[in-house]
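Data block below; observations after.
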Ligand SMILES: CC(C)(COP(=O)(O)OP(=O)(O)OC[C@H]1O[C@@H](n2cnc3c(N)ncnc32)[C@H](O)[C@@H]1OP(=O)(O)O)[C@@H](O)C(=O)NCCC(=O)NCCS
């Protein structure tokens, strides 16, 4: 809870449009104004699927299998998921999202989902998708299996499946200070398209899109 609050303060400070110190402090103080105020700042990325095959160099370890998530996998995935993600897994499956998991010797090591429509109460985001776009979300690899190419391998597998469904572009959103995820998407050929701010006041959600601005330290594209 405290971490979340500190992160919120930090992102408000960094993202404040106004460079004047007073305005920046005011932006941070807004956090105290609303007792149930929560905010998230994201970068929304897109990536066309028409480019060359996107398999990571070397790929994941040979002992790792990547395959679609089936209904029977959901309880196992809940064991490795963060608690917030865990309760939503079944809902994604029920609503027709396509899940992919990575496993070794029957033990799940990671998963990700592609959805073909946005369900704001599930995805906690509001982004317009057209019929040729899929939203990739809830990407997770257990900490012990990171930096071994698992997320890249799942993404490559998902891209192949999505192309067969005539999807042309994938969309993703990443919290502005999630460096590992920003770097990951940069490496996998995503381009930032706009910034998205989410504010929750009491039980109402407000989303605001603004032109892309690099407030993340994401290294220069290209
Ligand atoms: C982001 C995440 C999914 C990456 O999974 P992964 O299996 O470790 O990713 P890969 O091994 O395929 O990494 C591919 C490239 O992404 C970049 N990358 C991945 N993790 C990184 C990190 N911690 N720091 C910097 N770059 C990183 C690297 O360029 C890496 O290539 P390299 O290892 O050859 O340098 C994983 O760290 C994770 O589950 N994080 C917590 C959940 C999360 O933030 N999800 C994303 C929400 S959008």
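Residue numbers (the working numbering): 25 to 246. Don't be surprised by glycine CBs; every beta carbon is placed ideally from N, CA and C.
Tell me where the alpha helix (DSSP H) around residue 207 begins and ends. 203-211
Compute the Euclidean distance between the alpha carbons of residue 127 and residue 46, then round it to the nearest angstrom. 51 Å
Do you know offhand how far residue 236's Cα is from residue 129's? 42 Å
Taking the straight line between their C-alpha atoms, what separation do you get for residue 144 and residue 150? 6 Å
For residue 220, list the residues DSSP reports as bridge partners. 66 and 233
Residues bridged to residue 71 (per DSSP): 194
Between the C-alpha atoms of residue 111 and residue 68, what's the straight-line distance to the nearest angstrom? 24 Å
Residue 123 beta carbon less than 8 Å from that of residue 92: yes
List the endpoints of the continuous beta strand (DSSP E) containing residue 144. Where residue 144 is concerned, there is no enclosing beta strand (DSSP E), although the alpha helix (DSSP H) it sits in stretches over 144-147.
Evaluate residue 120 with the Cβ neighbour count: other Cβ atoms within 10 Å of its Cβ, from every protein chain shown; 16 or more gives buried, anything less gives exposed. exposed
Just checking residue 164 against ligand 1 - is the residue's beta carbon closer than 7 Å to any of the ligand's heavy atoms? yes
With distance defined between alpha-carbon atoms, name the residue in 97, 125 and 210 nearest to residue 299. Residue 299 falls outside the range modelled here, since the chain spans only 25 to 246, and no answer is possible.
May I ask you to report which of helix, strand or coil DSSP gives residue 46? helix
Let me check you understand the geometry: is the CB of residue 118 closer than 7 Å to at least one non-hydrogen atom of ligand 1? no
By the three-class DSSP mapping on this structure, what secondary structure does residue 159 have? strand
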